[in-house]
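J.: Take a look at this one; I'll ask things after.
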Amino acid sequence: MNMLINNNKKAKYAILAELNIVLWRLRYPITVKNKILLKFWINTRLLLISSTRISIYDSFIKDVIHAMQLNSLEVKSITIKQFKNLIFPKNFFCHSWWIDTAVLYKFRGMCINTVSLLRLRKSARLKCALWEQIRYNINSNIDICK
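Just so we're aligned, residue 375 is where the sequence shown starts under the working numbering, counting upward by one.
If you want it as structure tokens, here you go:
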């Protein structure tokens, strides 16, 4: 079997070649540092990024997911620390909701930035602003992350 490596690494992997072990390059190299792997599926359409882990089964989050015309299987919630360690494939399409944190990366999709969920739940004005962002993005396909 042929190995998929470059010439300057050939000596390093000579033993693998003798054992007919093939090295493959990942098509979607989504990994994190420190050898910790996050499951990140291609069907992810909304990424919730916050300083603390947020449950996608929270009633308020479920309402937002429904308003964005998504289902819970298409939503992943990660912390900002996990996000900083992720490597995304080129042209990765995903909506993002940055909760109580600065926007660090603009994906090719809807981008929403809000205050913490606690403040959001308590303020009708902030909830209204969130629903306007969602409605505006769905109707125009333009992000309004600042």
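Yeah, the Cβ is synthetic: ideal placement off N, Cα and C, and Gly gets one too.
Can you give the Cα-Cα distance for K455 and R495, rounded to whole angstroms?
T.: In a straight line, the C-alpha of K455 is about 24 angstroms away from that of R495.
J.: Mark I395 as exposed unless 16 or more other C-beta atoms lie within 10 angstroms of its C-beta, in which case mark it buried.
T.: It is exposed - the Cβ of I395 has fewer than 16 other Cβ atoms within 10 Å.
J.: Would you mind sorting C485 into buried or exposed? The rule is 16 or more other CB atoms within 10 Å of its CB.
T.: Buried: at least 16 other Cβ atoms inside 10 Å.
J.: Using 8 angstroms for Cβ pairs, my map puts K450 next to L478. What's the rounded Cβ distance?
T.: Wrong, their Cβ atoms sit about 16 angstroms apart, outside the cutoff.
J.: DSSP has T453 in a bridge; who is on the other side?
T.: BP columns for T453 point to S424.
J.: Using a Cβ-Cβ cutoff of less than 6 angstroms, which residues in the same chain neighbour I439 once the five nearest sequence positions on both sides are dropped?
T.: These residues qualify, in order along the chain: V449.
J.: Would you mind working out which of E506, S424, K436 sits nearest V489, comparing C-alpha positions?
T.: Of the listed residues, the one whose Cα sits closest to V489 is S424.
J.: Quick one: grab the DSSP three-state call for R509.
T.: Helix.
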